[in-house]
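Structure first, commentary second.
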Amino acid sequence: MSKIKRLIENYKAYIDLPWENAAALQRVIFCVYNEDDELQLRAKIDEFQIVTWNAGHDWAIFDLTDTFAVWLAKQRYKKSYFKNPEFLSALLPQYLEFIKKEFDCFLKTHNIGANTVVALKGVGSLFGFLKVKEVVEALAPAFEGRLLVFFSGAHDENNNYRLFNAYDGWNYLAVPITADKDLYS
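For the sequence shown, numbering that gives the first Met the number 0 gives the first residue as 0, with consecutive numbering after it.
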């Protein structure tokens with residue numbers, strides 16, 4: 000069985016469980032996979048959707064992939080940031096605010112409710128700009144359903160997450176789902 004297929008099976012085992020009331024950050028699910036499997040995961044996202052529907056929940060995808068480009072294109076001095084990218088770091092908190100506003104519009108447009116899984120894809124596009132933790136902490140409280148983060152990186156036994164295995168990670172209380180083993184073995 001492929002790693003992504005096992006990841007889908009482990010996600011299914013988790014999403015089939017009854018949902019309990021939980022704090023926003025306890026409603027976050029990280030599906031952790033190796034960065035080499037990004038294209039295969041993207042090709043199989045519909046299978047996550049089917050599994051979610053079969054568990055009796057609604058499904059929506061919020062794609063972060065192009066958000067930086069869209070945000071930067073709206074900046075007044077965008078051309079100067081290409082010449083002097085070091086000046087961009089002062090604006091990155093505005094990028095997070097842009098993502099939050101886009102997410103709020105997405106929730107309203109798609110009528111997202113408490114029975115919905117909102118999947119975040121494209122979190123790798125945040126690399127070097129924002130920490131995934133900051134984005135998750137900003138988005139998770141915005142709705143009552145579950146936030147599923149497709150996370151290209153690593154998770155260890157100390158509950159640390161590392162995007163692309165590239166730098167120090169952070170400790171996070173989300174539910175980790177990996178392809179390493181069966182979820183409940």
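We treat Cβ as the ideally placed atom computed from N, Cα and C, and that holds for glycine.
Residue i: first and last residue of the uninterrupted beta strand (DSSP E) it sits in
i      : result
TYR32  : 27-32
ILE176 : 174-176
ARG59  : For clarity, residue 59 is Ala in the given sequence; the question names Arg instead. ALA59 -> beta strand (DSSP E) spans 57-62.
Cβ-Cβ separation, residue j to residue i (assumed contact under 8 Å), whole Å
i      : j      : result
ILE7   : VAL50  : 6 Å
TYR32  : SER151 : 6 Å
GLN25  : LEU172 : 6 Å
PHE149 : VAL122 : 7 Å
LEU187 : VAL135 : A query on residue 187 cannot be resolved here, the shown segment of the chain reaching from 0 to 184 and no further.
Reduced DSSP secondary structure (H/G/I, E/B, other) of residue i
i      : result
TYR160 : strand
GLY123 : helix
PHE142 : coil
LEU16  : coil
ASP45  : helix
ASN9   : helix
PHE150 : strand
ALA68  : helix
ALA118 : strand
SER1   : coil
LYS130 : coil
ASP35  : helix
ALA54  : coil
ALA23  : helix
ALA113 : coil
ASP179 : coil
N- and C-terminal bounds of the alpha helix (DSSP H) containing residue i
i      : result
SER79  : 77-82
ASP103 : 91-108
Closest Cα partner of residue i within the set the options
i      : options                         : result
THR185 : LEU172, ALA54 and PHE149        : Only positions 0 to 184 of the chain appear in the structure, and residue 185 is not among them; the question remains open.
PHE97  : ASN9, ALA68, TYR10 and TYR80    : ALA68
ALA23  : GLU37, VAL174 and ASP179        : VAL174
PHE126 : ARG5, CYS30 and GLU34           : GLU34
SER1   : PHE163, PRO17 and GLN39         : GLN39
ASP57  : PHE86, LYS82, LEU106 and VAL131 : LEU106
VAL117 : LEU147, PHE47 and ASP103        : LEU147
ALA59  : GLN48, CYS104 and THR66         : GLN48
ARG145 : ALA178, VAL27 and ASP65         : VAL27
ILE44  : LEU16, LYS130, TYR10 and GLU19  : TYR10
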